[in-house]
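Structure, as structure tokens:
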Amino acid sequence: MHSVISDVNWQPVMDAINGAEQIVLITHCNPDGDGIGSQLALYDALTELGKSVTMFNVDGVPRIYTFLDHADKVGRGHWHSDTSGGDLIIALDCGSKARLGMPDAFYDGATLLNIDHHASNKLFGDINLVDARYCATGAMIFDLLIAMKSPVSKATASAIYTAVLTDTASFRLSNSTAAVYRMAAELIDAGARPWPISVHVYESRPLAGLKMMSACLDTLEVHNEGRSAWVHITSDMYEATGADVEDTEGLIDYARSIDGVEVAVFIRCDERRENCWKVSFRGKTYVDVGALAASLGGGGHTYASGCLMRGTFDEVRSSVEQAVTRIFA
257 MHSVISDVNW
267 QPVMDAINGA
277 EQIVLITHCN
287 PDGDGIGSQL
297 ALYDALTELG
307 KSVTMFNVDG
317 VPRIYTFLDH
327 ADKVGRGHWH
337 SDTSGGDLII
347 ALDCGSKARL
357 GMPDAFYDGA
367 TLLNIDHHAS
377 NKLFGDINLV
387 DARYCATGAM
397 IFDLLIAMKS
407 PVSKATASAI
417 YTAVLTDTAS
427 FRLSNSTAAV
437 YRMAAELIDA
447 GARPWPISVH
457 VYESRPLAGL
467 KMMSACLDTL
477 EVHNEGRSAW
487 VHITSDMYEA
497 TGADVEDTEG
507 LIDYARSIDG
517 VEVAVFIRCD
527 ERRENCWKVS
537 FRGKTYVDVG
547 ALAASLGGGG
557 HTYASGCLMR
567 GTFDEVRSSV
577 EQAVTRIFA
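Using my numbering, read the sequence shown as starting at 257 and increasing by one per residue.
Shown next, in the form of structure tokens:
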């Protein structure tokens, strides 16, 4: 197999893994396909190598990714001090320590290894391997396994393919380089099956999800002379449709798909905290929405980013509108 990026020094990561007796794999709150795919792929590969590995996330595995091998082994919920930890914690696809959602005691006595591809990563680990050249953290795991000379099983290949598929928007974004397509081909050769994976990820939406899509698109507004498109979800919309936060995945892409729109904005209420809002941004060609999110306390990629904001919906909407308008000024 051929590395996606060949000049990365994986030795510190391999040394940490080889020296660990108990490894814990973790990804960010409300995990996406890249976080879960990276976690499950690394779990499969490391256990095949005889390492003792556990997985734990604040939030569970989203329904659309439960078809992946080992998804049922991911622990979830609030961590308790009587839960066995590890001497090496590997954080995957997470830009900041806060987004892991764990108390400080979770990290006591452990080395924290941070593997991520977000340019806005806070470099919060004891060991950091952060490289924004990668299209997905899953692609980083692919290169790590090559460096480790670890065989790629069907389960590993399927998890990495899912990670890359979702973080490249089905290979439609500018980060889908020739090397990424070569990796995809090698993952298929190793056993990943593109069509069944696509069905699970994109064509298994519950009826409540379609109702939420309809309700969300009813909020669509276009501003900044047609260059920004806005959608939102409030708590009463969850109640009316019976949907949950997992059913909001991908809704922002409909806003970005409008001809002439350069920035799509999606504001949704935090289902667990009152007056807290998750704001997502998507860019199309020339706007750096990573910088836009950073100006509001968040971060991400050039074409995909987000932040958390507190206040009423009107207050949050007003602050975001001002930030977006400054970009187009």
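Even for Gly, the Cβ is constructed at its ideal location relative to N, Cα and C.
{"query": "GLY546: first and last residue of the uninterrupted alpha helix (DSSP H) it sits in", "result": "545 to 550"}
{"query": "Residue range of the beta strand (DSSP E) that includes GLY562", "result": "560 to 566"}
{"query": "Beta-carbon proximity of SER484 to VAL521, cut-off 8 Å", "result": "yes"}
{"query": "Buried or exposed by the 16-neighbour rule on C-beta atoms within 10 Å, applied to TRP486", "result": "buried"}
{"query": "Cβ-Cβ separation, VAL317 to GLY357 (assumed contact under 8 Å), whole Å", "result": "Not really, about 15 Å apart at Cβ, beyond 8 Å."}
{"query": "Candidates LEU552, ASP364, PRO268 and PHE569, of which the one nearest LEU385 by Cα", "result": "PRO268"}
{"query": "MET396 versus HIS373 - alpha carbon distance", "result": "8 Å"}
{"query": "Within the region 349 to 373, ranges of the beta strand (DSSP E) (whole runs, at least 3 residues)", "result": "367 to 372"}
{"query": "Opposing strand residues paired with PHE522 [DSSP bridges]", "result": "VAL487 and SER536"}
{"query": "Buried/exposed call for ASN206, threshold 16 Cβ in 10 Å", "result": "No answer is possible for residue 206: it lies beyond the span of the chain, which begins at 257 and ends at 585."}
{"query": "Nearest-angstrom Cβ-Cβ length linking TYR417 and ALA388, presumed shorter than 8 Å", "result": "TYR417 to ALA388, Cβ: 21 Å. No contact."}
{"query": "Distance CB(ASP325)-CB(ASP300) smaller than 8 Å", "result": "yes"}
{"query": "Cross-strand partners of GLY332 (DSSP beta bridge)", "result": "Correcting the residue type first, residue 332 is Arg in the shown sequence and not Gly. DSSP lists ASN313 as partners of ARG332."}
{"query": "Cβ distance (whole Å) where MET270 is taken to contact GLN295 below 8 Å", "result": "That pair is no contact at about 18 Å."}
{"query": "Whether LYS534 touches GLY553 by CB criterion (8 Å)", "result": "no"}
{"query": "Close beta carbons around GLY506, own chain, < 6 Å, minus the five adjacent residues each side", "result": "none"}
{"query": "Inter-residue spacing [alpha-carbon to alpha-carbon] between TYR458 and LYS410", "result": "21 Å"}
{"query": "Straight-line gap, LEU401 to SER491 (C-alpha atoms, nearest Å)", "result": "42 Å"}
{"query": "Distance CB(GLY539)-CB(GLU571) smaller than 8 Å", "result": "no"}
{"query": "Beta-ladder partner(s) of SER308, from DSSP", "result": "GLN278"}
{"query": "Residues near ALA511 by beta carbon distance below 8 Å, same chain, minus five either side", "result": "LEU476, ALA485, TRP486, VAL487, VAL517, ALA520, VAL521, PHE522 and ARG538"}
{"query": "Which of helix, strand or coil DSSP assigns to GLU477", "result": "strand"}
{"query": "Reference ASP544, options SER536, SER574, THR558 and ASN531, closest by Cα", "result": "THR558"}
{"query": "7 Å Cβ shell around PHE323 - same chain, five flanking residues per side excluded", "result": "HIS456"}
{"query": "Distance CB(ASN531)-CB(THR568) smaller than 8 Å", "result": "yes"}
{"query": "Proximity of THR424 and SER432 at Cβ, strictly below 8 Å", "result": "yes"}
{"query": "Status (buried if at least 16 other CB within 10 Å, exposed otherwise) for ALA276", "result": "buried"}
{"query": "Backbone secondary structure at VAL264 - three-state DSSP", "result": "coil"}
{"query": "Residues near GLU502 by beta carbon distance below 7 Å, same chain, minus five either side", "result": "PRO318 and ARG319"}
{"query": "Given ALA550 as reference, the closest of GLY351, GLY342 and TYR494 once Cα atoms are compared", "result": "GLY351"}
{"query": "Proximal residues to ASP526 (C-beta, below 8 Å), its chain only, five neighbours per side dropped", "result": "CYS532, TRP533, LYS534 and LEU564"}
{"query": "Under the three-state DSSP convention, the category LEU296 falls into", "result": "helix"}
{"query": "Start and end residues, beta strand (DSSP E) containing VAL386", "result": "383 to 386"}
{"query": "Pairwise C-alpha distance: ALA446 and VAL408", "result": "7 Å"}
{"query": "First and last residue of the uninterrupted alpha helix (DSSP H) at THR412", "result": "410 to 423"}
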